[in-house]
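Asker: Dropping a structure here in structure tokens format, bear with me for questions.
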Amino acid sequence: MLRTEIELAEESFLTDDFLRQLINVGEVDILVGLPTHNNAKTIGSIVHTIQSGILRGFPRERAVIINADGGSRDGTPELVTGVSIDDVRPSSNLYALRTLHSISTKYASSPESGIAFRTILAAAELLRAKACVLMSPESANIEPEWLSKLLGPIYRDGLDLVTPTYRRHKFEGLLITNLLYPMTRALYGLRIREAYAPEFGFSGRLGSQFLGQNIWNDGTGEAGVELRFTLAAIAGKYRICQSFLGEKIHVERHAADLVPVLRQTVGALFSALEPDFPVWSVVAGSQPAPTTGADQEVLLEPLRVNRKRLREMFSTGVAELESVFQSILSPTTVAELQRIALMGEEDFHYPAELWVKTVYEFAASYQKSVISRDHIIQALAPLFRGRVVTFLMENRNASAGGVENNIEALCLEFERLKPYLLELWEFRE
Amino acid sequence: MPLNRDALWYKDAIIYQFHVRTFHDSNGDGIGDFQGLEEKLDYLQELGISALWLMPFFPSPLRDDGYDIADYNTVHSSYGTLEDFRKLLSSAHDREIRVIIEMVLNHTSDQHPWFQESRSSKDNPRRDWYVWSDTDTRYKGARIIFLDTETSNWAWDPISKSFYWHRFFSHQPDLNYDNPDVREQMWNVMKFWLEMGVDGFRLDAVPYLVEREGTNCENLPETHTILKELRRKLDENFPGRMLLAEANQWPADLRPYFGDGDEFHMAFHFPLMPRMFMGLKLEDRKPITEILQQTPEIPASCQWSLFLRNHDELTLEMVTDMERDYMYDTYAESKTMRLNLGIRRRLAPLLDNDRRRMELMNGMLMSLPGTPIIYYGDEIGMGDNINLGDRNGVRTPMQWDGGLNGGFSAAAPERLYAPLIQDPVYGYPAVNVLRQRASEHSLLNWMRSIISVRKSTGVFGRGSIEFLYPANHRILAYVRRLGNEAVLVVNNLSSTAQAVELDLRRYKGNIPIEMFGRNMFPRVGDVPYLLTMGPYQFYWFRLKRI
Numbered sequence: 002m003l004r005t006e007i008e009l010a011e012e013s014f015l016t017d018d019f020l021r022q023l024i025n026v027g028e029v030d031i032l033v034g035l036p037t038h039n040n041a042k043t044i045g046s047i048v049h050t051i052q053s054g055i056l057r058g059f060p061r062e063r064a065v066i067i068n069a070d071g072g073s074r075d076g077t078p079e080l081v082t083g084v085s086i087d088d089v090r091p092s093s094n095l096y097a098l099r100t101l102h103s104i105s106t107k108y109a110s111s112p113e114s115g116i117a118f119r120t121i122l123a124a125a126e127l128l129r130a131k132a133c134v135l136m137s138p139e140s141a142n143i144e145p146e147w148l149s150k151l152l153g154p155i156y157r158d159g160l161d162l163v164t165p166t167y168r169r170h171k172f173e174g175l176l177i178t179n180l181l182y183p184m185t186r187a188l189y190g191l192r193i194r195e196a197y198a199p200e201f202g203f204s205g206r207l208g209s210q211f212l213g214q215n216i217w218n219d220g221t222g223e224a225g226v227e228l229r230f231t232l233a234a235i236a237g238k239y240r241i242c243q244s245f246l247g248e249k250i251h252v253e254r255h256a257a258d259l260v261p262v263l264r265q266t267v268g269a270l271f272s273a274l275e276p277d278f279p280v281w282s283v284v285a286g287s288q289p290a291p292t293t294g295a296d297q298e299v300l301l302e303p304l305r306v307n308r309k310r311l312r313e314m315f316s317t318g319v320a321e322l323e324s325v326f327q328s329i330l331s332p333t334t335v336a337e338l339q340r341i342a343l344m345g346e347e348d349f350h351y352p353a354e355l356w357v358k359t360v361y362e363f364a365a366s367y368q369k370s371v372i373s374r375d376h377i378i379q380a381l382a383p384l385f386r387g388r389v390v391t392f393l394m395e396n397r398n399a400s401a402g403g404v405e406n407n408i409e410a411l412c413l414e415f416e417r418l419k420p421y422l423l424e425l426w427e428f429r430e
Numbered sequence: 112m113p114l115n116r117d118a119l120w121y122k123d124a125i126i127y128q129f130h131v132r133t134f135h136d137s138n139g140d141g142i143g144d145f146q147g148l149e150e151k152l153d154y155l156q157e158l159g160i161s162a163l164w165l166m167p168f169f170p171s172p173l174r175d176d177g178y179d180i181a182d183y184n185t186v187h188s189s190y191g192t193l194e195d196f197r198k199l200l201s202s203a204h205d206r207e208i209r210v211i212i213e214m215v216l217n218h219t220s221d222q223h224p225w226f227q228e229s230r231s232s233k234d235n236p237r238r239d240w241y242v243w244s245d246t247d248t249r250y251k252g253a254r255i256i257f258l259d260t261e262t263s264n265w266a267w268d269p270i271s272k273s274f275y276w277h278r279f280f281s282h283q284p285d286l287n288y289d290n291p292d293v294r295e296q297m298w299n300v301m302k303f304w305l306e307m308g309v310d311g312f313r314l315d316a317v318p319y320l321v322e323r324e325g326t327n328c329e330n331l332p333e334t335h336t337i338l339k340e341l342r343r344k345l346d347e348n349f350p351g352r353m354l355l356a357e358a359n360q361w362p363a364d365l366r367p368y369f370g371d372g373d374e375f376h377m378a379f380h381f382p383l384m385p386r387m388f389m390g391l392k393l394e395d396r397k398p399i400t401e402i403l404q405q406t407p408e409i410p411a412s413c414q415w416s417l418f419l420r421n422h423d424e425l426t427l428e429m430v431t432d433m434e435r436d437y438m439y440d441t442y443a444e445s446k447t448m449r450l451n452l453g454i455r456r457r458l459a460p461l462l463d464n465d466r467r468r469m470e471l472m473n474g475m476l477m478s479l480p481g482t483p484i485i486y487y488g489d490e491i492g493m494g495d496n497i498n499l500g501d502r503n504g505v506r507t508p509m510q511w512d513g514g515l516n517g518g519f520s521a522a523a524p525e526r527l528y529a530p531l532i533q534d535p536v537y538g539y540p541a542v543n544v545l546r547q548r549a550s551e552h553s554l555l556n557w558m559r560s561i562i563s564v565r566k567s568t569g570v571f572g573r574g575s576i577e578f579l580y581p582a583n584h585r586i587l588a589y590v591r592r593l594g595n596e597a598v599l600v601v602n603n604l605s606s607t608a609q610a611v612e613l614d615l616r617r618y619k620g621n622i623p624i625e626m627f628g629r630n631m632f633p634r635v636g637d638v639p640y641l642l643t644m645g646p647y648q649f650y651w652f653r654l655k656r657i
């Protein structure tokens, strides 16, 4: 008994100061989670927008903004808590019936989205929040209406998860269109376009259920936990819908390296496959998710992408990582990759079937840990670049409908080849 | 026994409001009367009441519960005689209970002889005692107050073939205060009652005395001039008497009614009351602290009067549209509970008959800055009857016992001026004075207790207020101070238990003594003072430096 108590004490990850703040807030209806790290330039206007969204969409509800900060050195937390509702009111003619709290906690000295999300989930559970939304400080064009679009279906209609859809350029979100969306859809059977979204709404009960899972202590909960959250909702048969938010503009930032992004996304997806095997192994085909507003909108303005460099990185990767690929991939797949790596720029083509088999073989090898899992994810990077080249070429002159048709075709290919993954999985020992 | 001579008596008073008709019937005609009221003065004294506010008891066609007066210089025969009133006055004073009566300055009944004369001919000497017009287009800026029944502030008089001005019901023509004879006559009316011994007037509808084109005809400077003149005459001739303003206005607009201490002694704080209900429902102190922050300082001799419920609807004029919608949705789901811009319900039904909430609301009433007014029957948690029209549902007979007619009258039940509340929860067999007197922990005895504690110190009636703003917004906390005396009040507006940390460093070294049980709490130190509070609990601590 004593041992259990000590373990529980050790597991506590919320500071006393944060707990004190939560006590003062008390039970809430609406909780807005805002993970930050050095967002001082934009956070003030984002908090204003969030407050406006709460006052417009949920004027009578008890609401709180929870800022989980990853060690900002630019005063971000102070800016979050310093924004007054009175600053919002004069310009927007909004009036708050209630006290609207903004509280902040520093969960670590460096940003970890998983810990930030866990902190927000813990706050939601302690405050018994009915509907929660995670907002990204990286969004440059948050609108007050986003709050209603992401929270409304949960608070008013009893849904458990609302993921966004956006108006995107046809060459934006290539990892989503070429891997995350088609693979989650094929495996879990639900067509969630943005399964790893920067902002999404969720119910308190879903948050509590996820908070109680083991992923936080097994090392898989730190990266890409938001994707795991979506997958857990699908696997748990929670009620899910999508809500169209419009265009999404990120604040200016350096382009993220591909490998860390793959770790957070593809790594999280692969990690989920083993515990979720009983769920996805019996799913055939896929169903559309209910969506409010437009399904998805595609922008077609010309965009310069250096296809040549991408193809060179693919070819170099295939050559340099041959021994790694031999551990991960089947001989047939390795041979095919080597064949297309030699193709000229105009002839280059990484076909959908080969791409799907590549991904599935990576997933199976990841599960078997044939080599270090992190190395497996790193090895996927050059191959993904090769697939991107083909996607860019195929859709170079495509209309919005044409792009969507191509994405749909890839999704169907993932669904068609799902037995191949199952076969690999059964022989994973 | 002579009354104490403190000129500021109204600051310490506990006022009890009622209509004589509703209280007790001594002659078995089904209508309460002065003699019946006199018989119940011991009850009021025992409760701790120090002033009565009697609603209009003048002769009247009673189309607006007596606010349509047909003769200012006597009493309605249903309630007794002028002599009965004099006797009541004397008996009340013997018990140290003052008597405040209603005075409707703004308008009369259309049955008043003055109006009958005025309408009779355009040449009549009293023609100009009322506001007449050949058109109904003047004073367009004035709002219509009784939206549910009136479509204009002008009414056509077929006798004099002119329109007359009325801010309330069309059977209540407004007096013309631009006429010096009217002003003189109304002072004479007040003098009549003051000479008899009444201790003060609740002056009804004072913002509307004067009309001017291009204005909203409310709160005009000319109105204040008239009121100041009345006050001057009062002070000169009857020192120690009191004027209480009924002006349903925002605090900033109310402030001029205090003048420099030379207009009204007291005024109702109308905007606070709905916000107390709102704060309770929202479980958030914001509406209360916000309106009190907007409340201006008033002269030292002046006082706010506070109330939870009264004879009218719970008025929602002084709230925003959003707040009004919220109040309707949360306190008056059924449209039959709504009247004009308000909710026609009593305290207990509004609070779901929840004893803890009733105690908390009364606790705030007694501890916020001002003089509390208790509406008759709320001290025992009486219910209402929304099936009775207008505001009559909150004006039913007082429930004295579980016997015939609740002890109100010996008349046959069908002869009562209004039926008693009879439902199983609030009906007189369940809710009555006799029963609650016998029960140590009844609401009635609790009310006696809190009134007694309030009266044990002058700090609540006369002290300053300093709000504490603990991070827990469900807690409304403030310190009342008067001289060396300080009382800490902490209210939990929440339906659940709460912890709160109070910054009491200014009072370091003081020992909080809980005023009801007189128990000591830990001494105040440097660290935040932690209190845990049950649902809807409140504390009053005397801060003692020992």
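First to last, the protein sequences are chains B and P. Note that our numbering has the first sequence beginning at 2, numbered continuously upward. Note that our numbering has the second sequence beginning at 112, numbered continuously upward. For each residue, glycine too, the CB sits at the ideal point set by N, CA and C. Quick caveat, the model's predicted, so the values are computed rather than measured.
(1) Please name the residue, chosen from P:ARG466, P:LEU604 and P:ARG352, that lies closest to LEU119 of chain P on a Cα-to-Cα basis.
(2) Which residues in chain P have a C-beta closer than 9 Å to the C-beta of GLY213 of chain B? List them in chain order.
(3) Which whole-angstrom value describes the C-beta separation of THR292 of chain B and THR178 of chain B, a residue pair presumed to lie in contact below a C-beta threshold of 8 Å?
(4) Assuming the contact rule is C-beta atoms closer than 8 Å, ARG229 of chain B and ALA269 of chain B should be a hit. Round their C-beta distance to whole Å, please.
(5) Using 10 angstroms around the beta-carbon of GLY481 of chain P, count the other beta-carbons present and answer buried if the total reaches 16, otherwise exposed.
(6) Would you kindly report the start and end of the unbroken beta strand (DSSP E) that includes CYS133 of chain B?
(7) Pop quiz: THR164 of chain B and ILE193 of chain B are said to be a contact at Cβ under 8 Å. What is the actual Cβ separation, rounded to whole angstroms?
(8) Just the C-alpha distance for GLU113 of chain B and GLU354 of chain B, rounded to the nearest angstrom, thanks.
(9) As a quick exercise: from P:GLY308, P:LEU462 and P:VAL321, pick the residue whose alpha carbon is nearest that of PRO291 of chain P.
(10) Is the beta carbon of ASN464 of chain P closer than 9 Å to that of GLY513 of chain P?
(11) Which one of P:GLN547, P:LEU114, P:PHE279 and P:ALA124 has the shortest CA to CA distance from THR568 of chain P?
(12) Which stretch, first to last residue, makes up the beta strand (DSSP E) that contains ASP440 of chain P?
(13) State the DSSP-derived secondary structure class of PRO289 of chain B, mapped to helix, strand or coil.
(14) So is TYR96 of chain B in contact with chain P if we call contact Cβ pairs under 9 Å?
(15) With 16 as the cutoff for other CB atoms within 10 Å, does GLN609 of chain P come out buried or exposed?
(16) Is ASP637 of chain P close to chain B, meaning its C-beta is less than 9 Å from at least one C-beta of that chain?
(17) Is the Cβ of GLN22 of chain B closer than 9 Å to any Cβ of chain P?
(18) Roughly how many angstroms lie between the CA atoms of ALA198 of chain B and GLN360 of chain P, to the nearest whole one?
(19) Starting from ASN68 of chain B, trace the beta strand (DSSP E) in both directions and tell me its first and last residue.
(20) At a CB-CB cut-off below 9 Å, which residues of chain B make contact with ASN583 of chain P?
(21) Quick check: what's the CA-CA separation for LYS151 of chain P versus THR133 of chain P?
(22) In this structure, how does DSSP classify ARG169 of chain B when only helix, strand and coil are distinguished?
(23) Give me whichever residues DSSP pairs with VAL611 of chain P in a beta bridge.
(24) Which residues in chain P have a C-beta closer than 9 Å to the C-beta of ARG99 of chain B? List them in chain order.
(25) Quick check on PRO633 of chain P: buried or exposed, where buried means 16 or more other Cβ atoms within 10 Å of its Cβ?
(26) Considering SER204 of chain B, what are the terminal residues of the beta strand (DSSP E) in which it resides?
(27) Quick one: is ARG192 of chain B near chain P, going by C-beta distance under 9 Å?
(28) Is PHE274 of chain P helix, strand or coil when you go by DSSP?
(29) When the Cα atoms are used, what is the spatial distance from LEU35 of chain B to GLU146 of chain B?
(30) Could you tell me the boundaries of the alpha helix (DSSP H) in which PHE226 of chain P lies?
(31) Residues of chain P with CB closer than 8 Å to the CB of ARG388 of chain B, please, in chain order.
(32) Any residues in the segment 622 to 652 of chain P with a beta carbon nearer than 7 Å to a beta carbon of chain B? Which ones, in chain order?
(33) Can you pull out the residues from the segment 428 to 457 of chain P whose beta carbon lies closer than 7 Å to at least one beta carbon of chain B?
(34) Shorter than 9 Å from the beta carbon of GLN405 of chain P to some beta carbon of chain B?
(35) Would you mind stating whether SER445 of chain P and ILE399 of chain P have Cβ atoms separated by less than 9 Å?
(36) So if DSSP puts ARG209 of chain P in a beta bridge, which residue, or which two residues, is it bridged to?
Answerer: For this structure:
(1) That would be P:ARG352, whose Cα lies nearest to the Cα of LEU119 of chain P.
(2) Chain P residues near GLY213 of chain B: none, gap ~24 Å exceeds 9 Å.
(3) Taking 8 Å as the upper bound for CB-CB distance, THR292 of chain B and THR178 of chain B are not in contact here, some 17 Å apart.
(4) So it is a contact: roughly 5 Å between Cβ atoms.
(5) Result: buried.
(6) Per DSSP, CYS133 of chain B belongs to the beta strand (DSSP E) from 132 to 135.
(7) Correct: roughly 6 Å between the Cβ atoms.
(8) So the alpha carbons of these two residues sit roughly 35 Å apart.
(9) Among P:GLY308, P:LEU462 and P:VAL321, the Cα nearest to that of PRO291 of chain P is on P:VAL321.
(10) No. Outside cutoff.
(11) Of the listed residues, the one whose Cα sits closest to THR568 of chain P is P:ALA124.
(12) Annotation: ASP440 of chain P is outside any beta strand (DSSP E); the continuous alpha helix (DSSP H) that includes it extends over 432 to 442.
(13) The DSSP-derived three-state label of PRO289 of chain B is strand.
(14) By this cut-off, TYR96 of chain B is an interface position.
(15) Classification for GLN609 of chain P: buried.
(16) By this cut-off, ASP637 of chain P is not an interface position.
(17) Yes, GLN22 of chain B lies at the interface with chain P (some Cβ there is under 9 Å from its Cβ).
(18) For ALA198 of chain B and GLN360 of chain P, the gap between their C-alpha atoms comes out near 51 Å.
(19) Looking at the DSSP string, the run of the beta strand (DSSP E) that includes ASN68 of chain B is 64 to 70.
(20) Neighbours of ASN583 of chain P in chain B, taken as residues at a C-beta separation under 9 Å, are given in chain order as ILE24, ASN25, VAL26 and GLY27.
(21) Whole-angstrom Cα-Cα distance: 12 Å.
(22) DSSP places ARG169 of chain B in strand when its eight states are reduced to three.
(23) According to DSSP, which records beta bridges pairwise, VAL611 of chain P is partnered with P:LEU642.
(24) By Cβ distance, chain P contributes LEU393, GLU394, ASP395, LYS397, PRO398 and HIS584.
(25) So PRO633 of chain P ends up on the exposed side.
(26) Its beta strand (DSSP E) spans residues 201 to 204.
(27) Judged by the 9 Å Cβ criterion, ARG192 of chain B is not in contact with chain P.
(28) Looking at PHE274 of chain P - three-state DSSP - the assignment turns out to be strand.
(29) LEU35 of chain B and GLU146 of chain B have their C-alpha atoms roughly 17 Å apart.
(30) Run containing PHE226 of chain P: 224 to 231, per the alpha helix (DSSP H) assignment.
(31) By Cβ distance, chain P contributes nothing, its closest Cβ being about 53 Å from ARG388 of chain B, past 8 Å.
(32) Considering only beta carbons, no part of the segment 622 to 652 of chain P lies closer than 7 Å to chain B.
(33) Result list: THR431, MET433, GLU434 and TYR437.
(34) By the rule that beta-carbons nearer than 9 Å mark a contact, GLN405 of chain P does not touch chain B.
(35) Cβ distance not < 9 Å, so SER445 of chain P and ILE399 of chain P don't count as in contact.
(36) Looking at the DSSP output, ARG209 of chain P sits in a beta bridge with P:ALA162.
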